[in-house]
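Enquirer: Okay, here's the structure, questions in a sec.
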Amino acid sequence: METPNLNYLWAGLIVEELTRNGVRHFIIAPGSRSAPLAVAAFQNRNASALIHFDERGAAYFALGCARAGSPAAVICTSGTAVANCWPAVAEACQSALPLVILSADRPPELQACGANQTVHQEGIFTSFVRGQLNLPCPDEHIPVESLLAKVDDVLAKGLRSPGGPIHINCMYREPLAPVPVKKTWPRGYLAGLKEWKAGVRPFTVWERPERLLSSVQRASLATTLSSARRGLILAGRLLTAREQESAVQVANKLGWPVFADITSGCRRKDRCPAVIRYYDLLLRSDKFRSQCRPDVVLHLGDTFVSKGLQDHLRTLNPAYIHVSPRQEHRGLVNHVSRHYESDMGELIAQLEVADIHRGGGSFLEGLQAADAVVEQVLERFFAKNRDLSELLIARMVDDNLDGAGFLMMGNSMPVRDMDMLGKNCSSDIIHANRGVSGIDGNIATAAGMGWSAQSGVVAILGDMAALHDINSLALLSKAPKPVILVIINNRGGGIFSFLPIAAYKEVLDACFSSSHDYDFRQAAAMFKIDYEQVTTGDRFQKALRFGLSQKRSRIIEVAVNREANIQAHQNCYSDVCKRLDDVL
């Protein structure tokens with residue numbers, strides 16, 4: 003491996019080992035100390051490299067790549083550059099997504115002495131990373147085999163499912179540029195890498211163990227599931243297409259009613275006939291809650307968007323079984339009876355052989371009848387309410403995304419409205435940064451999905467989320483697949499009008515709503531992105547369909563009246579509850 007100096011030799015080995023472990027996207031935030039890593043990524047034939055000036059946006063962009071199925075690494079320099087990656091690291095941790103932070107650092111002699119652009123970087127992400135590796139300055143006395151083995155060790159902790167963030171911190175002394183120097187490593191230093199250089203596999207291959215239930219665990223699970231007379235399946239956020247397919251198979255084998263989160267991939271009736279699509283709206287009815295009292299709950303995967311579901315479960319005391327590949331407790335309430343850290347494929351195998359009562363019976367029929375009532379109410383509601391509201395936006399997006407690829411939803415109201423109203427969910431690959439549920443980095447995440455996806459991305463964000471990440475608009479033009487960014491502009495933090503603080507008008511605007519009179523036309527022009535502003539429902543539908551037919555990223559800004567939007571939600575809730583009270 004011909005390199006100008008030892009810094010570049012080590013950087014080249016690290017980048018190559020990352021590519022061999024499946025990390026082939028590198029997002030580079032320019033800096034001097036990280037030059038060896040940046041140049042190594044740029045020159046590696048198996049890597050694709052992209053430049054972005056903001057570390058926070060770069061980290062969320064890498065997170066978006068992971069959401070689309072391609073783990074990515076962020077290369078950044080020392081100091082606050084590393085700290086700016088922290089929000090994306092927290093989201094990756096809570097969402098169980100692989101994310102590699104590859105940071106450069108000052109050498110030991112420049113630590114704790116007032117040196118410029120220097121902070122203590124080892125352990126900066128504390129317990130939010132699955133693994134961390136603090137590498138010393140490149141040293142000819144350290145075998146390169148040891149370097150590669152340590153890199154493979156830490157990558158195995160975050161790249162295998164369930165994934166998570168990894169921090170590799172690399173100290174460098176001068177020269178930082180690719181300055182040719184007299185070789186500083188001894189003859190034969192790379193001799194042990196002969197086979198590695200000739201192949202494509204990592205130096206150390208970490209084989210993932212199978213996580214199987216014991217015979218005692220299988221018997222206990224079968225007994226609990228067999229005891230159910232009113233069984234309910236909760237399909238929470240699922241991390242991979244394989245998990246989604248396994249959850250659908252479990253649901254179809256049991257035949258129990260299914261409450262499926264919008265990010266579960268399990269809400270389409272053609273895949274999962276027993277799904278109850280409008281459970282969030284249904285749970286607003288006291289009569290429905292009195293009938294929806296499962297005795298056994300089987301929770302597959304991660305958490306839910308719906309707060310109403312969580313509140314309802316707190317009033318019950320069912321046998322609550324949680325199955326997830328993650329070690330962490332991700333049940334909806336603190337009443338989980340038993341947690342199985344297992345692949346859902348193992349659960350399917352158990353259902354094949356166990357004598358378990360199948361079919362939801364009258365419990366399923368009652369929930370399906372109520373779900374059909376809500377569908378009728380919503381059809382009438384949207385037929386007569388064509389004024390633009392955030393509810394209508396969610397309904398139109400859901401109706402128009404057939405085969406459109408990825409859907410990314412911002413937090414606050416977009417993900418809640420889509421979870422409440424989504425019926426078709428014809429975009430099977432639906433994402434939201436719900437690990438920590440922040441409004442930061444949403445544009446960058448959508449752009450990262452567009453960089454590594456095989457199809458386009460539609461992202462629905464509120465105006466505050468867009469303002470928070472506005473410099474990531476620079477990334478939209480770099481996505482090879484188009485990103486349609488729908489910005490719902492209600493002139494501030496509209497979600498606070500739906501929270502208890504809304505009753506205190508004297509402080510709502512002053513302290514919470516962040517009212518503004520901005521629009522995004524000039525921002526789109528600055529970053530050379532196609533732009534359209536719409537003010538009616540019909541015009542939004544036309545703009546969305548036109549955007550889906552194009553091959554360029556674009557912004558559709560939707561102007562929504564906040565007070566009218568609140569009223570539309572209240573009218574929808576009222577219509578649903580009144581009709582349910584009449585028929586239940």
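Residue numbering for the sequence shown is 3 to 586, as defined by the working numbering. We put the CB at the ideal spot given by N, CA and C, even for glycine. Quick caveat, the model's predicted, so the values are computed rather than measured.
I'd like to confirm the pairing. Which residues does DSSP put opposite Y322 in its beta bridges?
Expert: According to DSSP, which records beta bridges pairwise, Y322 is partnered with V299.
Enquirer: Can you find a heavy atom of the ligand FMN that lies under 8 Å from the Cβ of D584?
Expert: Absent from the structure shown: the ligand FMN. Ligands present: none.
Enquirer: In terms of alpha-carbon separation, which member of E247, S454, P100 and L423 lies closest to A237?
Expert: Checking every option, the nearest Cα to that of A237 belongs to E247.
Enquirer: Based on DSSP bridge pairs, tell me the residues matched to A49.
Expert: DSSP lists no partner for A49.
Enquirer: Quick check: V335 and Q312, are their CB atoms within less than 9 Å of each other?
Expert: Yes, they are a contact pair.
Enquirer: Using the Cα positions of G166 and N46, report the straight-line distance between them to the nearest angstrom.
Expert: Taking the straight line joining both Cα atoms gives about 24 Å.
Enquirer: In the DSSP assignment, the alpha helix (DSSP H) including D56 goes from what residue to what residue?
Expert: Careful: D56 lies outside any alpha helix (DSSP H) and carries neither H nor E.
Enquirer: Can you find the residues in the same chain that come closer than 6 Å, C-beta to C-beta, to A468, ignoring five residues on each side of it along the sequence?
Expert: Closer than 6 Å at the Cβ level, and outside the excluded window around A468, lie I489.
Enquirer: Tell me whether the beta-carbon of C95 lies closer than 9 Å to the beta-carbon of E57.
Expert: No, Cβ-Cβ distance for C95 and E57 is not below 9 Å.
Enquirer: Helix, strand or coil for V183, going by three-state DSSP, please let me know.
Expert: Three-state result, V183: coil.
Enquirer: In chain order, what residues of the same chain have a beta carbon less than 6 Å from the beta carbon of T206, not counting five sequence neighbours either side?
Expert: Excluding positions up to five away in sequence, the list reads A151 and D154.
Enquirer: Taking only the alpha-carbon atoms, compute the straight-line gap between I472 and I445 and give it to the nearest angstrom.
Expert: Cα to Cα, I472 sits roughly 8 Å from I445.
Enquirer: Where does P188 land, buried or exposed, given buried means 16+ other C-beta within 10 angstroms?
Expert: Looking at its Cβ environment, which holds fewer than 16 other Cβ atoms inside 10 Å, P188 is exposed.
Enquirer: Could you tell me which of D584, L409, P416 and Y506 sits nearest to E392, measuring between CA atoms?
Expert: For E392, the nearest C-alpha among the options comes from P416.
Enquirer: Any idea if T305 is buried or exposed, counting beta-carbon neighbours within 10 angstroms, 16 or more meaning buried?
Expert: T305 should be labelled buried.
Enquirer: Hey, how far is the Cα of T5 from the Cα of L11?
Expert: Rounded to whole angstroms, T5 to L11 spans 6 Å at the Cα level.
Enquirer: What separation, rounded to the nearest whole angstrom, lies between the Cα atoms of S555 and G458?
Expert: Cα to Cα, S555 sits roughly 9 Å from G458.
Enquirer: Whose CA, out of L157, R132, G14 and Q119, lies closest to the CA of R108?
Expert: Ranking the options by Cα distance to R108, first place goes to Q119.
Enquirer: Where does A237 fall in DSSP's three states?
Expert: Here A237 sits in strand by DSSP.
Enquirer: Does DSSP classify D154 as helix, strand or coil?
Expert: In this structure, D154 counts as helix in the three-state DSSP scheme.
Enquirer: To which residues does DSSP link D532 through a beta bridge?
Expert: Paired residues: R556.
Enquirer: So I170 packs on V102, CB below 8 Å; how close in whole Å?
Expert: Their Cβ separation, rounded to whole angstroms, is 7 Å, which keeps I170 and V102 in contact under 8 Å.
Enquirer: Determine, using beta carbons only, whether C78 and A106 come nearer to each other than 9 Å.
Expert: Their beta carbons are under 9 Å apart, which means C78 touches A106 by this criterion.
Enquirer: Pick from A37, P275, D519 and R239: whose alpha carbon is nearest that of V181?
Expert: When only C-alpha atoms are compared, the closest one is A37.
Enquirer: Would you mind working out which of G464, D532 and L403 sits nearest L550, comparing C-alpha positions?
Expert: Taking only the C-alpha atoms, the option nearest L550 is L403.
Enquirer: If you check the beta carbons only, do D263 and V307 fall under 9 Å apart?
Expert: Yes, Cβ-Cβ distance for D263 and V307 is below 9 Å.
Enquirer: Measuring alpha carbon to alpha carbon, tell me which of N413, Q219, I278 and N136 ends up nearest G496.
Expert: The residue with the shortest Cα to Cα distance from G496 is N413.
Enquirer: Check whether the segment 558-573 and the segment 533-546 touch, using three or more Cβ-Cβ pairs below 8 Å as the test.
Expert: Result yes; three or more Cβ-Cβ pairs closer than 8 Å.
Enquirer: Using the DSSP secondary-structure output, state which residues sit across from E343 in a beta bridge.
Expert: Partner(s): S326.
Enquirer: For V399, count neighbouring C-beta atoms within 10 Å of its own C-beta (all shown protein chains included) and say buried if the count is 16 or more, exposed if not.
Expert: V399 should be labelled buried.
Enquirer: Answer with buried or exposed for F548, where buried requires no fewer than 16 other C-beta atoms within 10 angstroms of its C-beta.
Expert: By the 10 Å Cβ count, F548 comes out exposed.
Enquirer: Cα separation between V379 and A385?
Expert: Distance between the alpha carbons of V379 and A385: 10 Å.
Enquirer: Does DSSP put Q134 in a helix, in a strand, or in coil?
Expert: In this structure, Q134 counts as strand in the three-state DSSP scheme.
Enquirer: Could you tell me the boundaries of the alpha helix (DSSP H) in which S97 lies?
Expert: Looking at the DSSP string, the run of the alpha helix (DSSP H) that includes S97 is W88 to S97.
Enquirer: Between E147 and N136, which are expected to be in contact by the criterion C-beta below 8 Å, what is the C-beta distance as a whole number of angstroms?
Expert: No, E147 and N136 are not in contact; Cβ-Cβ is about 19 Å, not under 8 Å.
Enquirer: Between H314 and chain C, is there a C-beta pair that is closer than 9 Å?
Expert: Of the chains in the structure shown, none is chain C; there is only one protein chain.
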